[in-house]
Amino acid sequence: PPIEQPSVTGVQARYRPGDILRANCTSPNSKPAANLTWTINDVPIPSQYVKQYRPIKDTYTGLETSIAGINFMVAHDHFVKGKLKLKCSASIHQLYHESIEQLVPEDRPRILATGVSASGHSISLYQGTVHEPEQTDRNDAYLTVNGYK
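Under full-length UniProt numbering, the first residue of the sequence shown is numbered 1, with each subsequent residue one higher.
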């Protein structure tokens, strides 16, 4: 069996419905290679969103590393009580089973202030997080007037 438990990379700190979730699960150094499966909220992720990579064999030790990636659009119903439960499980026949789980919170805008303008329109100021690829998160504030941005 593998010496280490599986590891997950690529998961952001928060997601919103419509975001793309891309992540990899790796189970290193075993013979035979571990079988990797992904679940969201304990429901298997459909195979069209999972990429099983060919195991990488260490030519010196003969041990194999398994990698499985996921790539899908996050939906509102992926969140249960504001959290998405992502789990990767590694197994080798009935001899070995190990899982790693991450609870990822939903990124929801937070109301900073509300008020009424001189013209009588209700105004709310929201703060949200903008996720840009290959950059750290930055906060943006935006204004809505009667629900329009």
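Each residue gets a CB set at the ideal place from its N, CA and C atoms; glycine is no exception.
Burial state of residue i (16 or more Cβ within 10 Å)
| i | result |
| --- | --- |
| Ser27 | buried |
| Leu84 | buried |
| Leu86 | buried |
| Glu4 | exposed |
| Val104 | buried |
| Tyr53 | exposed |
| Asp107 | buried |
CB-CB length for residue i against residue j, believed under 8 angstroms
| i | j | result |
| --- | --- | --- |
| Asn35 | Ile92 | 7 angstroms |
| Ala90 | Pro2 | 7 angstroms |
| Glu64 | Pro44 | About 23 angstroms; that fails the 8 angstroms criterion. |
| Glu101 | Pro6 | At roughly 10 angstroms, the Cβ-Cβ gap does not stay under 8 angstroms, so Glu101 and Pro6 are not in contact. |
Backbone CA spacing between residue i and residue j [nearest angstrom]
| i | j | result |
| --- | --- | --- |
| Asn24 | Tyr60 | 25 angstroms |
| His78 | Tyr96 | 29 angstroms |
| His76 | Asn29 | 37 angstroms |
| Pro46 | Cys88 | 13 angstroms |
Strand pairing of residue i, partner residues [DSSP]
| i | result |
| --- | --- |
| Gly15 | Correcting the residue identity first, residue 15 is Tyr in this sequence and not Gly. Partner(s): Glu106. |
| Arg22 | Asn71 |
| Asn35 | Ser91 |
Which runs of the beta strand (DSSP E) fall wholly inside the stretch 79-116 and span at least 3 residues, in chain order? 83-92, 96-105, 110-116
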